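To start, the structure itself, in structure tokens.
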Ligand SMILES: C[S@@+](CC[C@H](N)C(=O)[O-])C[C@H]1O[C@@H](n2cnc3c(N)ncnc32)[C@H](O)[C@@H]1O
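Residue numbers (my numbering): 9 to 408.
See the structure below:
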């Protein structure tokens, strides 16, 4: 008789999604969390690992948006093939009639032109398979399902995925009040990694955000330096999945944090008192208050509070037409301030467009294109040396 593989010996195939542009830093992070055979796709990484790896990535990844378990992949020439392919998955390993279900379908083809139709076919196949086995069907719950299934249809193939994360992973549990234009926690964490904050924290340098808004860089930066688990305040989709291995989850939950720095130093300021109230509150909820010094200030007034560190900031986007001029002025003033007051420092700026980025008037030493939702953004470093070019915008569109 062929026995079932013990859960701790199983190798799962998974997909971690992320903001486009963060794939390579997510790949590094996944490797540190024990993922194997990591392959890059657009806005996602495919990888393999045990149940422990799956739960560790959900709990500790700061950059992944979602973690999905791959259940099947098959050609989808038409709707019947979609139904048959989904029906072919052994759904009794994943849910029973007492579990609620949500199905999301992404992608279209000449035969499946409506994603709602694709979702309906997928749901029918799952429900029929469960009803065949138990004589009863699971209910649908769109708001708070026990099991979320996604089907991606691309290049004539359907991929069936079970969402191990549940609610998206940017929801850490510390943000109480978003305020205007906050960065997603996952995006902020990816940017901090690109900027080299983990290495700077480990060598005793400081993180400075002179336009901190609701405090996303500061809180993610502090937690990252302290080695804390990003998802320690929340629950995950896999906890309601019947395929979950409790013993693996217990082991992963009990793994110790490995700090990069025991007393990280972070400094935040903003011109808006309202934003600082938010940041203070978030720092308290996240329990990082003692590491972060906050003050209300125009960034033009600031001077370096310590000898070494890095600036990482996200000036206003100027998304609305009448705000664009102001956003451009702010970027120019940032460049002027850095040049005159921050000699020897490196500043990383996340700008809402190439046009805004070039207003800083300093030549970037490194630059990246990233997406904040659908918005194509720029993330670039300027290193302030005594010979930095003065007043000459050197960021041309063709540079990126
Ligand atoms: C896009 S928001 C930053 C959002 C932040 N990264 C977050 O996740 O919440 C830009 C911030 O710059 C601040 N700001 C604008 N001009 C400023 C100035 N001259 N000095 C300091 N802060 C300024 C705004 O008050 C706003 O909070």
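Don't be surprised by glycine CBs; every beta carbon is placed ideally from N, CA and C. Since this is a predicted model, take the numbers as computed values, not measurements.
Own chain, CB closer than 6 Å to residue i, minus 5 neighbours either side, in chain order
i, result
"residue 9", "Reliability of the predicted coordinates at residue 9 is poor, the pLDDT of 40 falling under 50, and no value is obtained from them."
"residue 409", "Residue coverage of the chain in this structure runs from 9 to 408, which leaves residue 409 outside it and unanswerable."
"residue 346", "355, 392"
"residue 390", "355, 370, 372"
"residue 107", "146, 154, 155"
"residue 167", "81, 160"
"residue 185", "286"
"residue 310", "218"
7 Å CB neighbourhood of residue i in its chain, flanking five on each side removed
i, result
"residue 65", "24, 38, 41, 43, 72, 75"
"residue 364", "326, 335, 336, 339"
"residue 139", "145"
"residue 306", "279"
"residue 405", "Note on residue 405: pLDDT 37, under 50, position unreliable in the model; no value is reported."
"residue 228", "70, 193, 196, 197, 200"
"residue 35", "46, 48, 53"
"residue 79", "97, 168, 169, 170"
Heavy atom of ligand 1 within 7 Å of residue i beta-carbon
i, result
"residue 338", "yes"
"residue 279", "yes"
"residue 271", "no"
"residue 220", "yes"
"residue 189", "yes"
"residue 224", "yes"
"residue 306", "yes"
"residue 149", "no"
"residue 254", "no"
"residue 184", "no"
"residue 380", "no"
"residue 322", "yes"
"residue 283", "yes"
"residue 325", "yes"
Paired residues, beta bridge with residue i - DSSP
i, result
"residue 379", "384"
"residue 83", "165"
"residue 57", "20"
"residue 90", "Note: residue 90 sits in no beta bridge, so no partner."
"residue 148", "109"
"residue 156", "110"
"residue 44", "56"
"residue 356", "320, 389"
"residue 25", "52, 74"
"residue 276", "217, 302"
"residue 475", "Given a span of 9 to 408 for the chain in the structure shown, any question on residue 475 remains unanswerable."
"residue 374", "389"
Neighbourhood of residue i by C-beta distance below 8 Å, restricted to the same chain and skipping five residues each side
i, result
"residue 282", "187"
"residue 393", "351, 352"
"residue 60", "16, 42, 256, 259, 260"
"residue 244", "63, 66, 67, 172, 173, 174"
"residue 249", "102, 103, 154, 155, 170, 172"
"residue 3", "Since the first residue shown for the chain is 9 and the last is 408, residue 3 is missing from the structure and cannot be characterised."
"residue 149", "108, 109, 110"
"residue 124", "113"
"residue 135", "109, 145, 146"
Whole-angstrom C-beta distance between residue j and residue i, which should lie under 8 Å
i, j, result
"residue 362", "residue 386", "6 Å"
"residue 325", "residue 360", "3 Å"
"residue 20", "residue 77", "6 Å"
"residue 321", "residue 348", "Incorrect: roughly 17 Å between the Cβ atoms, too far for contact."
"residue 287", "residue 226", "7 Å"
"residue 55", "residue 22", "6 Å"
"residue 341", "residue 275", "Residue 341 to residue 275, Cβ: 19 Å. No contact."
Near ligand 3: residue i beta-carbon under 7 Å from a heavy atom
i, result
"residue 346", "Summarising the ligand content, the structure contains ligand 1 and does not contain ligand 3."
_Using a Cβ distance threshold of 8 Å, determine whether the segment 182–199 contacts the segment 243–256, with at least three qualifying pairs required._
no
*asked:* Does the segment 111–124 come into contact with the segment 200–211, if we say contact requires no fewer than three beta-carbon pairs (one atom in each stretch) closer than 8 Å?
replied: no
*Are the segment 226–236 and the segment 83–93 touching by the rule of at least three beta carbon pairs closer than 8 Å?*
no
_Does the segment 93–110 come into contact with the segment 270–286, if we say contact requires no fewer than three beta-carbon pairs (one atom in each stretch) closer than 8 Å?_
No, the segment 93–110 is not in contact with the segment 270–286.
*Three or more C-beta pairs closer than 8 Å, one from the segment 172–179 and one from the segment 298–308: is that the case here?*
no
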